[in-house]
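Here you go:
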């Protein structure tokens, strides 16, 4: 079965009336900034989950932090200090923006393997004088471009911004701004957009997807399309969190520039234990469990529901609660951005969309500012996601550590909770018809193999082909019939 995860995220902040790049140094800071982004991810998830009880949650930590870090280039005084505290970047003052530049050069736009792209753009009002150094810095560190707009014609400005976002997210976010999002007193929109698309390394077979029961966070039961596969996955059970961690890698390109991106599923033991998991989960516990994953390759029976969701959030109140209140007050200090007294930050919006199915993962996000392995193989594990679970998508890097490979954690790109997948009435493929198709195809294929075997036996004076050769031929029949002849008709 193939597997596809489709993902979209958008964040924007609205502002309305009222040295030299050192790659080696930035590479050393990458782990620190990744840890900071991941800490912020847990904080943000807890806030979103608490404010949206029983609902699906989905957002992009790296999209939000990128947009806010761009804005921080123009922040001063207490405004900047609060932003650094909430983003956990106080200790990264000397390499924060260098490291985002490192991400731009080494994390995004890799050749081969998953597609991971990020784009940044500033849309100031034509009457707003933006500090020249700010424009140079966002271009230098974030590869951001600038396009002035006339916000007196808010409909035309909105159309231009939406078209840019739609293009950057491969149409996953076609309308980031709505009629009420901006108006004639808007003076700036700063946007980060991120897009991801990858194929599972271990693909699901669509013919194994079946209708099964899922218990929602509210306790109700719904039927969902449940994907299934058996394979070797990194799997870890955390006794403290009472949850299983399973890693689903995406195909990595053969080129040096390709990035290694993986999904991690976090499944609590009990059907009603998602709140207990959230109450216990901290950045330290998450980091420990993610580190342990690399040491436990495990034969696994994996059941994951198809899932899709589009979420949008107003984040300014959440960021205020997290300690970034001055950014949204009359005393905000953005003099490094513009000394125009009209400038303040009125709104931070974030939109995210995700689709998980058999073919792989496609994801995008937009943020706008407006205004070592062991040889031991454990017993098989069963990971059946028939109840609410968490998931994240992160970048990692494998390095040689003595005699083994060690996984170096990178930033969390996307984080979410599946509380209520899409309810369905029937499977993606009609099971009965599919089975008949495969059976007929395999019989025909096996008969053809038998004829070739008899011919080979006669040519070799009665000696049969090797057992391995026969098994390969029969296995090819099964695969061809499943994928080429029958499954593709679904």
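In mature numbering (1 follows the signal peptide of the UniProt record, and there is no 0), the protein residues as written are -19 to -1, 1 to 471.
For each residue, glycine too, the CB sits at the ideal point set by N, CA and C.
For my contact list, residue i and residue j are in at a C-beta cut-off of 8 Å; report their separation, rounded to the angstrom.
i           : j           : result
residue 375 : residue 245 : 7 Å
residue 317 : residue 11  : Residue 317 to residue 11, Cβ: 25 Å. No contact.
residue 392 : residue 15  : 4 Å
residue 205 : residue 404 : 7 Å
residue 296 : residue 330 : 7 Å
residue 13  : residue 73  : 6 Å
residue 94  : residue 199 : Actually they are not in contact, since the Cβ atoms of residue 94 and residue 199 sit about 39 Å apart, beyond 8 Å.
residue 77  : residue 88  : The Cβ separation is near 15 Å, so there is no contact.
residue 106 : residue 168 : 4 Å
residue 111 : residue 319 : 5 Å
Which first and last residues belong to the alpha helix (DSSP H) in which residue i is found?
i           : result
residue 305 : Per DSSP, residue 305 belongs to no alpha helix (DSSP H) and is neither H nor E.
residue 123 : 113 to 123
residue 149 : 135 to 149
residue 224 : No alpha helix (DSSP H) holds residue 224; the beta strand (DSSP E) holding it covers 224 to 230.
residue 51  : 42 to 53
Do the CB positions of residue i and residue j come within less than 7 Å of each other?
i           : j           : result
residue 176 : residue 151 : yes
residue 226 : residue 247 : yes
residue 477 : residue 125 : In the structure as shown, the chain starts at -19 and stops at 471, and residue 477 therefore has no counterpart that could be examined.
residue 263 : residue 368 : no
residue 208 : residue 193 : no
residue 182 : residue 230 : yes
residue 366 : residue 313 : no
residue 516 : residue 388 : Absent from the model: residue 516. The displayed extent of the chain is -19 to 471, so no value can be given.
residue 29  : residue 46  : no
residue 41  : residue 334 : no
residue 17  : residue 80  : no
residue 174 : residue 100 : yes
residue 55  : residue 308 : no
residue 143 : residue 157 : yes
residue 223 : residue 250 : yes
residue 486 : residue 217 : Because the chain in this structure spans residues -19 to 471, residue 486 falls outside the shown range and cannot be described.
residue 290 : residue 39  : yes
residue 66  : residue 234 : no
residue 288 : residue 402 : yes
residue 394 : residue 43  : yes
Can you tell me whether residue i is buried or exposed, with buried defined as 16 or more other CB within 10 angstroms of its CB?
i           : result
residue 20  : buried
residue 310 : exposed
residue 448 : Residue placement at residue 448 is flagged as unreliable, the pLDDT there being 42, under the threshold of 50; the coordinate-derived value follows with that caveat. So residue 448 ends up on the exposed side.
residue 221 : exposed
residue 381 : exposed
residue 398 : buried
residue 355 : Its pLDDT being 40, under 50, residue 355 is placed unreliably in this model, and the value from its coordinates should be taken loosely. By the neighbour-count rule (16 or more Cβ atoms within 10 Å), residue 355 is not buried but exposed.
residue 363 : exposed
residue 277 : buried
residue 211 : exposed
residue 37  : buried
residue 64  : buried
residue 353 : Because residue 353 sits at a pLDDT of 36, beneath the cut-off of 50, its placement in the model cannot be relied upon, and the following sentence gives the value as read from the coordinates. Exposed, because fewer than 16 other Cβ atoms sit within 10 Å of the Cβ of residue 353.
residue 31  : exposed
residue 153 : buried
residue 178 : buried
residue 282 : exposed
residue 134 : exposed
residue 165 : exposed
residue 357 : Residue placement at residue 357 is flagged as unreliable, the pLDDT there being 47, under the threshold of 50; a coordinate-derived value is accordingly withheld.
residue 140 : exposed
residue 53  : buried
residue 85  : buried
residue 51  : buried
residue 114 : exposed
residue 25  : buried
residue 292 : buried
residue 302 : exposed
Any heavy atom of the ligand SAH closer than 6 Å to the Cβ of residue i?
i           : result
residue 405 : Because no ligand of any kind appears in the structure shown, any question about the ligand SAH cannot be addressed here.
Along the chain, where does the beta strand (DSSP E) containing residue i start, and where does it finish?
i           : result
residue 172 : 167 to 179
residue 365 : 362 to 365
residue 204 : 202 to 219
residue 193 : 191 to 196
Any beta strand (DSSP E) of 3 or more consecutive residues that is wholly inside the stretch 249 to 316: 278 to 286, 288 to 295
Beta strand (DSSP E) runs wholly inside the stretch 62 to 105, at least 3 long, in chain order: 96 to 105
Length at least 3, wholly inside the stretch 366 to 406: the beta strand (DSSP E) runs in chain order: 370 to 382, 385 to 399
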